[in-house]
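Data first, discussion second: the structure below is written as structure tokens.
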Amino acid sequence: MSEGAADADAGAAPDARTVDPGRSHAGTLKYVVGAILWGWVLLRWGNDWLGGVIVPPGQPFVPPATFAAVGEVVPVLSGVANGLAFAVQYLPNLMNGMWVTVILTVVSITLGFPLAVALAAARSYGHYTGWLALGFVELFRGTPLLAQLFVLYYGLPWLPAFFRNLPFVGQGFVPAQAVWVAIVGFILNSAAYQGEYIRGAIDSVDPGQLEAGRAVGLSQFGSIRYVVLPQALRYAIPGWTNELVYLIKYSSLAAFITVPELLYRAQSFASETYRYTALFVFAGVLYLGLVITASSLMGSVEARVAIPGLGSDEGR
Amino acid sequence: MSDEPLVRVDDLRKRYGDEEVLRGISFEMGRQDVQVLVGPSGSGKSTLLRCVNRLTEFQGGEIALDGTPVTEMDVDDLRRQVGMVFQDFNLFAHLTAKENIMLGPRRVLGKSEAAAAERALDELDRVGLSAQADSYPGELSGGQKQRVGIARALAMDPKLLLFDEPTSALDPELIGEVVEVMEDLAEGGMTMLVVTHEMGFARAAATDIMFLDQGTIVEHGPPEKLFENPEHERTAQFLERLTRLHGETR
């Protein structure tokens, strides 16, 4: 009897996390691992940008010999310790590649977003602009991204030249021109995909919402801006996150136009040392860290902007 | 100019493809009139209503607001002057009750945030929903949503309010609170064009009831005449059936 009452109490607890310790532990673990990873990454980047505050740029924080010594003291761990001793020599360089990957992804998705919103609105509401947007989307979704990058980098010589002549490009932590050409490619390509996610979301907003906006006296543009988009962009978050996660990984195609991003560096060290497994596993772990960070951030954005009842018919 | 009716509809014709849904509708509404439209589904009453604020475009005839043909007015300007209440509410789903009411005054009339908020709270008070100012549509009952819908239209200071079956999507026990607000508005002198099956409201508040069937006006007149002494057998049968179904909800 008293047991039943206790169960009922637990079921009535307002916050599910307080009654589900497993989930709470997993969440804590994610934050701890994330804090360690990003603490290390930021320390690394800071050290190298500032010309070596802690260790000279490119040198590991912990010397490889330390790991090798651990392996000798604890024989069971010698395999792992040797792998680490090898990998830490290359990690500083991989981390610099990771910086390039982050720049490629964040700048491209951010600048691609307004273009995607415009494309989506044109596709949903435009007549001639709708056809133009459709042409854009089909062109950039329908041809290989790699081909687009080649055309931009090798086919349009003025584009890399334009970026090379900008004063800050290639200085300090601002990457060189190939990265910016790649970013142009990713903006165009990603906008096509993002735009389709957003268009789907716009089309799922009840048409009565637009009509109500018009009936209040808002223009078509005003109704889209103040009524449809605030709802559609909320609906679009999960699909948009998917595109963000893809972009993190397909940003590695920039390697083909000489951009020294994460996978490019792993590949080049691997071909020097023939230790493919160790290097690609490390690169994979860094990608995984980026992806989990991105999806966690978007998850919290989604929760933060959530509106009671929006997304169900009850919301109208 | 002062004897000009607020709304003049003259030989209004509307067709969808080959099907003519409005076949020459003519009537006038003075200021503070409450015109009720009734008729079987497909009779064209909602279409007629939507022609007035041009949510639907029409092919023939004329509708004039204050003497100006609506087709010659800027459509956004027309809608600033003519409020609309929808059958399925169409509250902006991402905004609170208060923000729903503020959007028009803010973005259409260009009022300040503070002035729009003050007005919104006044309108919420008028429809008895002060306590729900910060609730989202998803947190309101149907009757509450519709009252916010009315408040949203009122905040624009419309010359004319259109109601498109405002109680048809409501559970029966929620109809009363909406009808009550509408009756208060009618009493306060608001000019209203109302498509409804609520015969209680029609009897109590209408200045004129118009019975539409197949795109034409079968007959119209003050409620006493249409309910007690209709000219046409069709009108009598229809109103009797509606009264049986919708007359005794309160």
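Chains as they are written, first to last, in our numbering: chain A, 426 to 741; chain B, 30 to 279.
No residue lacks a Cβ here, since even glycine has one placed at the ideal position from N, Cα and C.
Small disclaimer: the values here were computed from a predicted structure and weren't measured.
One thing to note: residue 617/A has its Cβ within 8 Å of the Cβ of residue 561/A. Chain B places no beta carbon closer than 8 Å to that of residue 549/A, leaving this residue out of the contacts. With respect to chain A, the C-beta atom of residue 167/B has a partner C-beta closer than 8 Å.
Beta-bridge analysis with DSSP links residue 152/B to no other residue. Judged by DSSP secondary structure, residue 232/B falls within the alpha helix (DSSP H) whose first and last residues are 228 to 234. The Cβ atoms of residue 191/B and residue 78/B lie closer than 8 Å to each other. Within the region 240 to 271 of chain B, no residue places its CB atom closer than 9 Å to a CB of chain A. When DSSP states are grouped into helix, strand and coil, residue 581/A belongs to the coil group. Contacts between residue 133/B and chain A, judged by CB atoms closer than 7 Å, involve 641, 642 in chain order. Closest in C-alpha terms to residue 517/A, from the list 472/A, 669/A, 666/A, comes 472/A. Bounds of any beta strand (DSSP E) do not take in residue 696/A; it lies within the alpha helix (DSSP H) bounded by 687 to 698. Proximity of chain A to residue 108/B at the Cβ level (cut-off 8 Å) is accounted for by 639, 640, 641, 642, in chain order. At a cut-off of 8 Å between beta-carbon atoms, residue 732/A makes contact with chain B.
Comparing alpha-carbon positions, the option among 180/B, 168/B, 80/B, 64/B lying closest to residue 734/A turns out to be 168/B. In the same chain as residue 261/B, and ignoring 5 residues on each side of it, the C-beta atoms closer than 7 Å to its own belong to 247, 248, in chain order.
Within the same chain, 39, 98 come within 7 Å of residue 91/B by CB-CB distance, once the 5 residues on both sides are set aside. Check the Cα spacing between residue 722/A and each of 492/A, 698/A, 551/A, 667/A: the tightest is with 667/A. Residues of chain B whose Cβ lies closer than 9 Å to the Cβ of residue 573/A do not exist, since the nearest Cβ in that chain is about 36 Å away. Cβ-Cβ distances below 7 Å link residue 243/B to 72 in the same chain, with the five nearest sequence neighbours on each side left out; the list follows chain order. Going by beta carbons, residue 572/A and residue 585/A fall outside the 8 Å limit. At a cut-off of 8 Å between C-beta atoms, residue 189/B does not count as an interface residue with respect to chain A. At a cut-off of 8 Å between C-beta atoms, residue 663/A does not count as an interface residue with respect to chain B. Neighbourhood of residue 636/A in chain B, by CB distance below 7 Å: 84, 119, in chain order. Assigned with DSSP and collapsed to three states, residue 612/A falls in helix.
Neighbours of residue 656/A in chain B, taken as residues at a C-beta separation under 7 Å, are given in chain order as 122, 123. CA-to-CA, the gap between residue 648/A and residue 81/B works out to about 20 Å.
In the DSSP assignment, residue 634/A falls within the unbroken alpha helix (DSSP H) covering 632 to 641. The three-state reading of DSSP puts residue 55/B in strand, counting E and B together. Inter-residue distance for residue 533/A and residue 486/A is about 31 Å (C-alpha atoms, whole angstroms). Taking 8 Å as the cut-off, the Cβ atoms of residue 679/A and residue 607/A count as close. Non-local beta-carbon contacts of residue 52/B in its own chain, meaning distances under 6 Å to residues more than five positions away in sequence, involve 244, 245 in chain order. Counting only runs of 4+ residues, the alpha helix (DSSP H) found wholly inside the region 484 to 516 of chain A occupies 489 to 498, 503 to 512, in chain order. Across the region 136 to 169 of chain B, CB contacts with chain A closer than 7 Å involve 136, 137, 165, 166, 167, 168, in sequence order along the chain. As DSSP reads the structure, residue 45/B sits in a beta bridge with 48/B. Under the criterion of beta carbons closer than 8 Å, residue 127/B and residue 162/B qualify as touching, at roughly 4 Å. Among the residues facing chain B, residue 625/A is not included, as its CB has no counterpart in that chain under 8 Å away.
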